[in-house]
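Asks:
Numbering (the numbering used here), first residue to last: 138 to 258.
Next up, the structure:
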């Protein structure tokens, strides 16, 4: 999860360092991936294979503002959103993972103690 957040910050940095803005059409919308199509000033149409970054609350057919890297136009995010959007989901996954892992470790340690404990008699 830490790597996911760091990758999001890196992508934001790459977009912000050579940013272009335009309007895109949402082709398909999902919680984790949304496909968009947009035209850059050079007249080329872009439909990034990995979709748009930070795609929550989009609707197919909607027209949205996007920010993209002019160096790599397939690196695109919804305008006004950044890596902070990834913090809550990443933190949630970490909390749930530890919430499952800690009780499992506790049970395993308890079972080992019982197995190695001397028996009376």
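For every residue, glycine included, the Cβ atom is placed at its ideal position computed from N, Cα and C. Model, not experiment: these values are computed from the prediction.
Could you tell me the boundaries of the alpha helix (DSSP H) in which residue 132 lies?
Replies: Outside the displayed range of the chain (138 to 258) lies residue 132, so it cannot be described from this structure.
Asks: For residue 207, which residues of its own chain have a beta-carbon under 8 Å away from its beta-carbon, when the five flanking residues on both sides are left out?
Replies: Your numbering for residue 207 matches position 70 in the chain shown. So the qualifying residues of the chain are 155, 156, 157 and 177.
Asks: Classify residue 145 as buried or exposed, calling it buried when 16 or more other Cβ atoms lie within 10 Å of its own Cβ.
Replies: For the purposes of this step, residue 145 is taken as residue 8 along the chain shown, with counting starting at 1. It counts as buried.
Asks: Using three-state DSSP, classify residue 147 as helix, strand or coil.
Replies: Position 10 of the chain shown, counting from 1, holds the residue named residue 147. Helix.
Asks: Quick check for students: name the residue ranges of the alpha helix (DSSP H) that lie wholly in the region 173 to 209, counting only runs of 4 or more.
Replies: None, since the region 173 to 209 contains no complete alpha helix (DSSP H) of that length.
Asks: Pick from 184, 232, 219 and 185: whose alpha carbon is nearest that of residue 193?
Replies: Residue 193 sits at position 56 when you count from the first residue of the chain shown. When each option's Cα is compared against that of residue 193, the closest is 219.
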